[in-house]
Amino acid sequence: MFWASWRLQRTETLIAAGILALIAALLVPTGLNMASAYHHDGLSACLGQNPSDACDQAVHGFAARFDGLKNLLAWLTLVPGVIGVLFAAPFILELENGTTRLAWTQSITRRRWITNKLAIIVAAALVAAVVMTLLMAWWHAPLVRLDGRMENSIYDAEGVVPIGYTLFALGLALAVGVVWRRTVPAVIVGFVGYFAVRIFFDTWLRQRIVSPVTATWLDQPSPGARGAGPNLDHAWVISQGPSDKLGHALSLTASPCVRSLGSHSQAVSGDCLAQHGGGYMHAVYEPASRFWTLQGVETGIFAGAALAMILFAAWWTHQRAA
Amino acid sequence: MTEHAAVEAVGLGKRYGSKWALRDCSLEIPSGSVTALVGPNGAGKTTLLQLAVGLSRPSAGSVSVLGHSPLTDARSLLPRVGFVAQEHPLYRGFTVSDTLKLGRKLNPSWDEGVALARIEHLGLPLGQKVGQLSGGQQAQIALTLALAKRPEVLLLDEPVASLDPLARREFLQSVMEAVAETGMTVILSSHIVADLERVCDHLVILSQARTQLVGPIDEIVASHRLLTGPRTDPASVERVHDVIRESHTERQTTLLVRANGHVYDSNWQLHEVDLEEIVLAYLGYGGPNGTGRASSREAVA
Amino acid sequence: MIEFHLDARSGVPTYLQLVQQVRQAVRLGILRPGDQLPTVKEVVSALAINPNTVLKAYRELDLAGLVEGRRGVGTFVSSELTPSPPDGVKELRSALQRWVGRARAAGLDDENMAALFADTVRPPAASRAA
Chain W
21 MFWASWRLQR TETLIAAGIL ALIAALLVPT GLNMASAYHH DGLSACLGQN PSDACDQAVH
81 GFAARFDGLK NLLAWLTLVP GVIGVLFAAP FILELENGTT RLAWTQSITR RRWITNKLAI
141 IVAAALVAAV VMTLLMAWWH APLVRLDGRM ENSIYDAEGV VPIGYTLFAL GLALAVGVVW
201 RRTVPAVIVG FVGYFAVRIF FDTWLRQRIV SPVTATWLDQ PSPGARGAGP NLDHAWVISQ
261 GPSDKLGHAL SLTASPCVRS LGSHSQAVSG DCLAQHGGGY MHAVYEPASR FWTLQGVETG
321 IFAGAALAMI LFAAWWTHQR AA
Chain F
263 MTEHAAVEAV GLGKRYGSKW ALRDCSLEIP SGSVTALVGP NGAGKTTLLQ LAVGLSRPSA
323 GSVSVLGHSP LTDARSLLPR VGFVAQEHPL YRGFTVSDTL KLGRKLNPSW DEGVALARIE
383 HLGLPLGQKV GQLSGGQQAQ IALTLALAKR PEVLLLDEPV ASLDPLARRE FLQSVMEAVA
443 ETGMTVILSS HIVADLERVC DHLVILSQAR TQLVGPIDEI VASHRLLTGP RTDPASVERV
503 HDVIRESHTE RQTTLLVRAN GHVYDSNWQL HEVDLEEIVL AYLGYGGPNG TGRASSREAV
563 A
Chain B
-4 MIEFHLDARS GVPTYLQLVQ QVRQAVRLGI LRPGDQLPTV KEVVSALAIN PNTVLKAYRE
56 LDLAGLVEGR RGVGTFVSSE LTPSPPDGVK ELRSALQRWV GRARAAGLDD ENMAALFADT
116 VRPPAASRAA
């Protein structure tokens, strides 16, 4: 039966391969360029807690050069959604066209047809997701060495979450499609649903999965000395700012300790702040060490939902008349 | 359950929501017969065929094909049952040879020789995409898929409905040739009666989700008569025979009856009735001035 | 070899039409003793009719002694066939001519004569009001 499934999936598979090829065509040259710039600028020596001024400049220069591209590539987080719904399409199309009346009256049972098809679809989606993740991880490598991979746009493309995303989009399109039996609407709903859930996750839910770490510390207790703050290197900083001793955020705009130096610059007197109960910094963050925990939970949620929806689609298709 | 029945239904029914698409259907289709399943659109023909092939689950009663349940015994039964759904669904993007390959891969009892011989005999180009073929050619491909697995029972749902007269004739010719070769049982549904008499030897009339008449066509045609005579109350006839349809003008009464034995009343002139008229009468058509009596009838003989 | 045709509108059952066409062919000498009739498959291909119908026709012809089936080979016109005696036909023809003369004298036109004939020839069960 595998030939039949492949043949019916052929167009969508080729489209998905085409999309990945296009992405590769974009990523490979730029990635190589960025990797060579990283080495050329000697940035590997600039990692760590106490960079020299020269390093600072080099890093900022590097970031300025590739930030634009990095932000542009953040849009590739939509690709798992596209691939997911793409692979769902042929399955729904069979229901819409009524070719199931042909497929289910050959000599294989309905159950076997459904199982077989879904297995191939899921496998194909997995392969595509893994390929994409590897590509993106390779591209991001220099940036990850500098800034870690907890930042949203990088995090979304690393580790295992893209697999969860792809399967989720696939499952959603399938679940909608087998009930509605219209391919184009199901694909659209699947993608829009994917988009909405991703935004919800990225902006609200992700930071609530595992309670973030909070820290309050004295900022620059003596002139020239560094504050005894936490290591925010490579962490996902959810919020950070001046606060009082208890961690309540302080607004500097109304503070009497702010002196205007001109139209756009201000100076803050540390002693003055300390006198008024301020002078602390407060941060809410997820440390880099939590990368795999967060990845695991997020992937689990997306993949778990995907599994439920795919099983529903299988069950529904099996129960309903042709 | 008799051994020689290819398809048997007992109290079979199917409901969609609150609407019954088929109800109280009990019939036996003898092995080796070619049965016409006639009735207007929405009468339950497609429902019955889909229940027989396992595409649908009964809401009431049961159906068995070759002695087996099409749902629980699907694995062993499907290779023995050929089915062509309404509008002969095919994968339009496939070529003819792709379609045959699909048949070969999905059917363990596939006979490639039969398939290729048919395609060659029909002059269908193997490399052509199915979507580009004519309706008649597509119907023939769908039929090839069903025949090449050498089924014992062949179910055809309105196979010639959208075909031109030549394509219709060629399609039925193919089916008849296959029957001559293998002696398989055929059930074909249609809402056009005209073609069926030369091709079918059995009849099932469905109307409003119920079977109206079931039996061999010879006996049905032989036992139904049109009675014409002076205007009168059909009561005396009704005591002995089944009046299927009655119509009256000022001076004349016309009755279509299923005779139980001879009609001895000398008031009536007897005429033979052709199959189409019989079917129409059972479908409730009352004639220009008449009233039909659409109600369930028992099987003939 | 005989070629069958079918008149779907004649009201005569298909198998009976085949029987009649074989009888006619034998009468006219188109089919001679020992000739093979078309196989069931050939007739089915040509006319798109139910094979059982052909079998029924051939069975009836076999029972009437007109043809004989040879297993595995086919159906053949019977070698022992007695043609209808020419005398009988001649006599029937002159009787018919006399009858036609009488009918015309009685005022029947061609159509009425044909109707009367058809009514009389019809199988007894259908039109008898016994």
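Read top to bottom, the protein sequences are chains W, F and B. Taking the working numbering, the leading residue of the first sequence gets 21, the next gets one more, and so forth. Taking the working numbering, the leading residue of the second sequence gets 263, the next gets one more, and so forth. Taking the working numbering, the leading residue of the third sequence gets -4, the next gets one more, and so forth. The C-beta atom is built at its ideal place from N, Cα and C for all residues, glycine as well.
Taking the alpha carbon of P492(F) as the reference point, which residue from S318(F), H486(F), F356(F), H510(F) has its own alpha carbon closest? As a working note, residue 492(F) is residue 230 in the second sequence. Taking only the C-alpha atoms, the option nearest P492(F) is H510(F).
Along chain B, in chain order, which residues have C-beta atoms closer than 7 Å to that of A442(F)? As a working note, residue 442(F) is residue 180 in the second sequence. Per Cβ cutoff of 7 Å: V35, K36, V39, P46.
Pull up the distance between the alpha-carbon of S338(F) and that of T125(W), whole angstroms please. Residue 338(F) sits at position 76 when you count from the first residue of the second sequence. Residue 125(W) sits at position 105 when you count from the first residue of the first sequence. Using only the alpha carbons, I get a separation of about 12 Å.
Measuring alpha carbon to alpha carbon, tell me which of V535(F), R513(F), L299(F), G304(F) ends up nearest A521(F). Position 259 of the second sequence, counted from the first residue, corresponds to residue 521(F). With distances taken between CA atoms, A521(F) lies nearest to V535(F) out of V535(F), R513(F), L299(F), G304(F).
To the nearest angstrom, how far is it from the Cα of G60(B) to the Cα of Q16(B)? Here residue 60(B) is taken as the residue at index 65 of the third sequence, counted from 1. Here residue 16(B) is taken as the residue at index 21 of the third sequence, counted from 1. For G60(B) and Q16(B), the distance between alpha carbons rounds to 15 Å.
Are the beta-carbon atoms belonging to I174(W) and V102(W) less than 8 Å from one another? Numbered from its first residue, the first sequence carries residue 174(W) at position 154. Numbered from its first residue, the first sequence carries residue 102(W) at position 82. No, Cβ-Cβ distance for I174(W) and V102(W) is not below 8 Å.
At the level of alpha carbons, what is the spacing between V35(B) and V7(B)? Here residue 35(B) refers to the residue found at position 40 when the third sequence is read from its first residue. Here residue 7(B) refers to the residue found at position 12 when the third sequence is read from its first residue. V35(B) and V7(B): Cα-Cα distance of roughly 20 Å.
Under 7 Å by beta carbon: chain W residues contacting P413(F): In the second sequence, counting from the first residue as 1, residue 413(F) sits at position 151. Simply none; closest approach about 10 Å.
For C287(F), the residue or residues it bridges with in DSSP: One-based indexing of the second sequence puts residue 287(F) at position 25. Beta-bridge pairing links C287(F) to L274(F).
Name the residues in the stretch 371 to 391 of chain F whose C-beta lies less than 8 Å from a C-beta of chain W; which are they? Sequence-ordered contacts of the stretch 371 to 391 of chain F with chain W read S371 [C-beta pairs closer than 8 Å].
Alpha carbon to alpha carbon, how far is P250(W) from A145(W)? Residue numbering aside, residue 250(W) sits at position 230 when the first sequence is read from its first letter. Residue numbering aside, residue 145(W) sits at position 125 when the first sequence is read from its first letter. In this structure, the straight-line span from the alpha carbon of P250(W) to that of A145(W) is close to 40 Å.
Might you give, ordered along the chain, the residues of its own chain that have their beta carbon closer than 6 Å to the beta carbon of R354(F), omitting 5 neighbours on each side? Taking the first residue of the second sequence as 1, we reach residue 354(F) at position 92. Within the same chain, R354(F) has close Cβ partners V392, G393.
Judging by CA-CA distance, which residue of V198(W), Y185(W), I330(W) is the nearest neighbour of Y214(W)? The residue given as residue 214(W) occupies position 194 in the first sequence. Nearest option by C-alpha distance: Y185(W).
Apart from the five residues on each side of it in sequence, which residues of its chain come closer than 6 Å, Cβ to Cβ, to L434(F)? Reading the second sequence from its first residue, position 172 is the one you call residue 434(F). Taken in chain order, the residues that qualify are V461.
Contact between the stretch 104 to 114 of chain W and the stretch 195 to 214 of chain W: three or more CB pairs below 8 Å? yes
If we ignore side chains and look at the alpha-carbon of each, how far apart do T308(F) and L384(F) end up? In the second sequence, counting from the first residue as 1, residue 308(F) sits at position 46. In the second sequence, counting from the first residue as 1, residue 384(F) sits at position 122. The alpha-carbon atoms of T308(F) and L384(F) are separated by roughly 28 Å.
Does the structure place the stretch 13 to 29 of chain B close enough to the stretch 531 to 545 of chain F that three or more beta carbon pairs sit under 8 Å? no
Whether E306(W) touches P232(W) by CB criterion (8 Å): Translated into positions along the first sequence, residue 306(W) becomes position 286. Translated into positions along the first sequence, residue 232(W) becomes position 212. Contact: yes.
Alpha-carbon to alpha-carbon, T406(F) and E382(F): On the second sequence, position 120 is the one that residue 382(F) refers to. On the second sequence, position 144 is the one that residue 406(F) refers to. When rounded, the distance between both Cα atoms is 11 Å.
With distance defined between alpha-carbon atoms, name the residue in Q400(F), V502(F), L417(F) nearest to A429(F). Your numbering for residue 429(F) matches position 167 in the second sequence. The option with the nearest alpha carbon to A429(F) is Q400(F).
Just checking: is the beta-carbon of G69(B) within a distance shorter than 8 Å of some beta-carbon in chain F? By one-based count along the third sequence, residue 69(B) stands at place 74. Chain F contact via Cβ: absent.
Tell me which residues share the same chain as G51(W) and place their Cβ nearer than 7 Å to its Cβ, disregarding the 5 neighbours each side in the sequence. As a working note, residue 51(W) is residue 31 in the first sequence. Excluding positions up to five away in sequence, the list reads W158, W159.
In angstroms, rounded to a whole number, what distance separates the CA positions of Y10(B) and A442(F)? Position 15 of the third sequence, counting from 1, holds the residue named residue 10(B). Position 180 of the second sequence, counting from 1, holds the residue named residue 442(F). C-alpha separation (whole angstroms): 16 Å.
Among R27(B), G24(B), P33(B), V21(B), whose alpha-carbon lies nearest the alpha-carbon of E(-2)(B)? As a first step, residue -2(B) is located in the third sequence; it is residue number 3 there, counting from the start. The option with the nearest alpha carbon to E(-2)(B) is P33(B).
Nearest residue (CA-CA) to I482(F), options A298(F), K281(F), A267(F), S288(F): The count along the second sequence starts at 1 and reaches residue 482(F) at position 220. Per the C-alpha coordinates, the member of A298(F), K281(F), A267(F), S288(F) positioned closest to I482(F) is A298(F).
What residue does the beta strand (DSSP E) around V72(B) start on, and which one ends it? On the third sequence, position 77 is the one that residue 72(B) refers to. V72(B) -> beta strand (DSSP E) spans 69 to 72.
If V466(F) sits next to L284(F), beta carbons under 8 Å apart, how far is it from one beta carbon to the other, in whole angstroms? Within the second sequence, the letter at position 204 stands for residue 466(F). Within the second sequence, the letter at position 22 stands for residue 284(F). Not really, about 12 Å apart at Cβ, beyond 8 Å.
Using a Cβ cut-off of 9 Å, pull out every chain W residue sitting near R337(F), in sequence order please. Along the second sequence, read from residue 1 onward, the residue named residue 337(F) stands at position 75. Going along chain W in sequence order, the residues near R337(F) (Cβ under 9 Å) are S127, I128, T129, R132.
Give me the Cα-Cα distance between T153(W) and L340(F), rounded to the nearest whole angstrom. For the purposes of this step, residue 153(W) is taken as the residue at position 133 of the first sequence. For the purposes of this step, residue 340(F) is taken as the residue at position 78 of the second sequence. One C-alpha to the other measures close to 43 Å.
Span separating the alpha-carbon of A37(W) from that of A148(W): Working through the first sequence from its first residue, we reach residue 37(W) at position 17. Working through the first sequence from its first residue, we reach residue 148(W) at position 128. Our two residues, A37(W) and A148(W), have alpha carbons roughly 8 Å apart in a direct line.
Nearest to F569(F) by alpha carbon, out of G294(F), R380(F), P421(F), G279(F)? Residue numbering for chain F in the displayed model covers 263 to 563; residue 569(F) lies beyond these limits and cannot be assessed.
With a threshold of 8 Å between beta carbons, is L351(W) in contact with chain F? Residue 351(W) lies beyond the residue range present for chain W, which begins at 21 and ends at 342; the question has no answer from this structure.
Output, in sequence order along the chain, the residues in the stretch 456 to 469 of chain F whose CB is closer than 7 Å to any CB in chain B. R460, V461, C462, D463
According to DSSP, which residues form a beta bridge with P492(F)? As a working mapping, residue 492(F) is identified with position 230 in the second sequence. In the DSSP output, where bridge partners are listed per residue, P492(F) has Q514(F).
Please check if any C-beta of chain F sits within less than 8 Å of the C-beta of R121(W). For this step, residue 121(W) is matched to residue 101 along the first sequence. Closer than 8 Å to some Cβ of chain F, the Cβ of R121(W) qualifies, so yes.
Nearest-angstrom Cα separation, counted from A379(F) out to R559(F): Translated into positions along the second sequence, residue 559(F) becomes position 297. Translated into positions along the second sequence, residue 379(F) becomes position 117. Any reading at R559(F) must be qualified, since the residue scores a pLDDT of 40, below 50, and its modelled position is unreliable; the value itself is stated next. Each residue's alpha carbon lies about 44 Å from the other.
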